[in-house]
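**Student:** Read in order, the letters of the sequence shown are residues 1 to 216 in our numbering.
Just so it is clear, CB atoms sit at the ideal spot from N, CA and C, and this is done for glycine as well.
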Amino acid sequence: MTRKERFHKVLEYFSENQPIAETELHYSTAYQLLVAVILSAQCTDKRVNLITPKLLKRYPTVGEMAKASSGEIFEFVKSCSYPNSKARYLYGMSRMLVEEFDGVVPSDIQQLQRLPGVGRKTANVIASVIFNKPVLAVDTHIFRVADRIGLTVNSKTPLETEKQLVRYIPESLIPVAHHWLILHGRYTCQARKPRCNECGLRTYCRYYLKNLRKKS
């Protein structure tokens, strides 16, 4: 099977079996999603969703958060991983949004990455989810799943994985493909014990076929 054929089969499977796939982070505005994604670094979405209701009730707008101190924000995020750093990021992010962007979350990838706590992955999430741009954020799930299935070849970094994926995925599908791969990695193609026998992609999966050959 060629790479192009594998991409076609995988995307066809997801399109038919999971046409709607969305982030599991709870949000209603670009500001709220930005806060949630910053908090989600090395932290589960489930934990972030427990933190954000009280945090965003106290700071419902970016202007309100910009008036706070990182110490005050810390009290709301202390159950998250790396709370000191994330409290500083949220404070710095909100101040920059107010002072340089009139409180509006920018859609431009480069502008987003100027915000404290926002790297390429976070910027791509915001650009994709909020602005429906054809960019793909690569987290540990996507990095692992893409390699196992065989969508990527000899990729050593998230950026390499991103470039290989967007080369073969049609632009119109890139935003939803991001969620397809994340959710597949979270619930089926898990890191320690992939649930291959339950996976609808096993017929096209390089990892499964390789291990199947070993057993036979």
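Would you check if the region 139-154 and the region 181-195 touch, i.e. whether three or more CB-CB distances between them fall below 8 Å?
**Tutor:** At 8 Å Cβ cutoff, the stretches touch.
**Student:** I need the DSSP call for F131, collapsed to helix, strand or coil.
**Tutor:** Position 131 of the sequence shown, counting from 1, holds the residue named residue 131. Three-state result, F131: coil.
**Student:** For S155, which residues from the same chain have a beta carbon less than 8 Å from its beta carbon, with the 5 sequence-adjacent residues on both sides left out?
**Tutor:** Along the sequence shown, one-based indexing puts residue 155 at 155. The residues are F143, A146, D147, T161, Q164.
**Student:** For the alpha helix (DSSP H) holding I217, just list the boundary residues, first then last.
**Tutor:** Residue 217 cannot be examined here, being either before or after the span of the chain that is shown, 1 to 216.
**Student:** Give a yes or no on contact between the region 58-73 and the region 9-27, applying the rule of three or more CB pairs nearer than 8 Å.
**Tutor:** Short answer: they don't touch.
**Student:** Between which two residues does the alpha helix (DSSP H) holding Q32 run?
**Tutor:** Within the sequence shown, numbered from 1, the residue matching residue 32 stands at position 32. 30-39 is the span of the alpha helix (DSSP H), which, as asked, contains Q32.
**Student:** My understanding is that N49 touches G200, with C-beta atoms under 8 Å, so please give their C-beta distance in whole angstroms.
**Tutor:** Here residue 49 refers to the residue found at position 49 when the sequence shown is read from its first residue. Here residue 200 refers to the residue found at position 200 when the sequence shown is read from its first residue. In fact, because the Cβ distance is near 27 Å, the residues do not count as touching under 8 Å.
**Student:** So what's L11 in DSSP terms, helix, strand or just coil?
**Tutor:** Taking the first residue of the sequence shown as 1, we reach residue 11 at position 11. Helix.
**Student:** In this structure, how does DSSP classify S70 when only helix, strand and coil are distinguished?
**Tutor:** As a first step, residue 70 must be located in the sequence shown, where it is residue number 70. Three-state DSSP puts S70 in a helix.
**Student:** Is it the case that the region 166-181 contacts the region 5-19, given that we only count it when at least three CB pairs across the two stretches are under 8 Å?
**Tutor:** Enough Cβ pairs lie closer than 8 Å, so yes.
**Student:** Helix, strand or coil: which one does DSSP assign to M93?
**Tutor:** For the purposes of this step, residue 93 is identified with residue 93 of the sequence shown, where counting begins at 1. Three-state result, M93: helix.
**Student:** Do you know how far the Cα of R47 is from the Cα of G103?
**Tutor:** Here the question's residue 103 lines up with position 103 in the sequence shown. Here the question's residue 47 lines up with position 47 in the sequence shown. G103 and R47: Cα-Cα distance of roughly 26 Å.
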